Amino acid sequence: MPINHSDYVKDIVFAFKKLPGIGERSARRLAFYILSQNESVAYNLADAIKSAKQNIKLCKNCFNLSGDDLCPICRNQSRNTKLLCVVENPEIIYVFEKSGNYNGYYHVLHGLINPLEGITPSDIKLRELADRVESGSFEEIILALNPNSNGEATSIYIQKILSPYNVHITALARGIPIGSDLEYVDKETLSEAINFRKNFG
Ligand SMILES: [Zn+2]
Numbered sequence: 154m155p156i157n158h159s160d161y162v163k164d165i166v167f168a169f170k171k172l173p174g175i176g177e178r179s180a181r182r183l184a185f186y187i188l189s190q191n192e193s194v195a196y197n198l199a200d201a202i203k204s205a206k207q208n209i210k211l212c213k214n215c216f217n218l219s220g221d222d223l224c225p226i227c228r229n230q231s232r233n234t235k236l237l238c239v240v241e242n243p244e245i246i247y248v249f250e251k252s253g254n255y256n257g258y259y260h261v262l263h264g265l266i267n268p269l270e271g272i273t274p275s276d277i278k279l280r281e282l283a284d285r286v287e288s289g290s291f292e293e294i295i296l297a298l299n300p301n302s303n304g305e306a307t308s309i310y311i312q313k314i315l316s317p318y319n320v321h322i323t324a325l326a327r328g329i330p331i332g333s334d335l336e337y338v339d340k341e342t343l344s345e346a347i348n349f350r351k352n353f354g
């Protein structure tokens with residue numbers, strides 16, 4: 154249990170440091186900023202995180218974040234049932250939806266195959282992807298994975314496991330710089346990458 158003020162500060166700094174892209178200095182700055190603000194700033198932040206964590210689960214169909222068993226995209230029957238876009242994480246769906254240029258469905262892998270970190274095909278939602286393709290009406294599977302070695306390895310693996318099915322596999326067009334994160338690509342670039350997608354393999 155913390156016993157004096159610096160222990161409390163250390164706890165907050167420690168928690169922030171676990172976030173991606175936050176080093177010791179940024180963590181310290183955030184901690185002191187929050188402590189210097191009105192109580193409501195800290196409580197609103199803590200409450201928002203807590204209630205989101207308590208209420209958001211994974212969509213049973215596509216593994217997007219969802220408040221219900223099925224996310225709003227899977228519940229929307231006016232989308233294009235022939236298109237399935239495979240993404241690494243739910244944040245990419247957010248970026249795609251903002252681009253307003255895609256109206257098919259999604260499948261979230263929750264990671265990429267990464268031999269260096271010991272992430273194997275069975276650690277991500279690949280079996281579930283094959284099941285959906287087998288039982289669904291999809292005609293085109295769009296691989297929208299980050300252009301790095303893990304994204305490439307995962308794309309090749311997907312091509313292999315989907316080969317028994319009669320689907321056309323495409324990938325986002327280049328224009329997205331190699332090594333960049335899709336999360337940070339602007340919506341115009343992403344729209345172009347979808348419009349000019351190419352056959353994969
Ligand atoms: Zn869904």
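For the sequence shown, our numbering begins at 154 and goes up steadily by one.
No residue lacks a Cβ here, since even glycine has one placed at the ideal position from N, Cα and C.
Remember, it's a predicted structure, so these values are computed and weren't measured experimentally.
Legend entry - Check whether isoleucine 294 and valine 286 have beta carbons under 8 angstroms apart: yes
Legend entry - isoleucine 309 burial status per 10 Å Cβ neighbour count (16 or more: buried): exposed
Inset, instruction - Give every residue of the same chain whose Cβ lies closer than 7 angstroms to the Cβ of glutamine 312, excluding the five residues on either side of it in the sequence, and list them in chain order. - result: Ile322, Phe353 and Gly354
Inset, instruction - Can you have a look at glycine 257 and say buried or exposed, based on whether 16 or more other CB atoms are within 10 angstroms of its CB? - result: buried
Inset, instruction - Using 7 angstroms as the cut-off, classify the Cβ of serine 219 as near or not near the heavy atoms of ligand 1, replying yes or no. - result: yes
Inset, instruction - Using a threshold of 8 angstroms, state whether the C-beta atoms of valine 320 and glutamate 292 are closer than that. - result: yes
Legend entry - The alpha helix (DSSP H) enclosing histidine 158, as first and last residue numbers: 158 to 170
Inset, instruction - May I ask you to report which of helix, strand or coil DSSP gives leucine 282? - result: helix
Legend entry - Same chain only: Cβ atoms within 6 angstroms of leucine 172, ignoring 5 sequence neighbours per side: none
Inset, instruction - Decide if threonine 194 is buried, meaning its Cβ has at least 16 other Cβ atoms within 10 Å, or exposed. - result: Per the sequence presented here, residue 194 reads as valine, with threonine not at that position. Its Cβ having fewer than 16 others within 10 Å, valine 194 is exposed.
Legend entry - Limits of the beta strand (DSSP E) - the one that alanine 324 falls within: 321 to 324
Legend entry - Whether cysteine 227 touches valine 261 by CB criterion (8 angstroms): no
Inset, instruction - Check whether the Cβ atoms of isoleucine 245 and glutamate 336 lie closer than 8 angstroms to each other. - result: yes
Legend entry - Separation of leucine 315 from aspartate 200, as counted between CA atoms: 43 angstroms
Inset, instruction - Have a look at Ala324, Lys351, Glu241 and Asp222 and flag the residue whose alpha-carbon is nearest the alpha-carbon of aspartate 334. - result: Glu241
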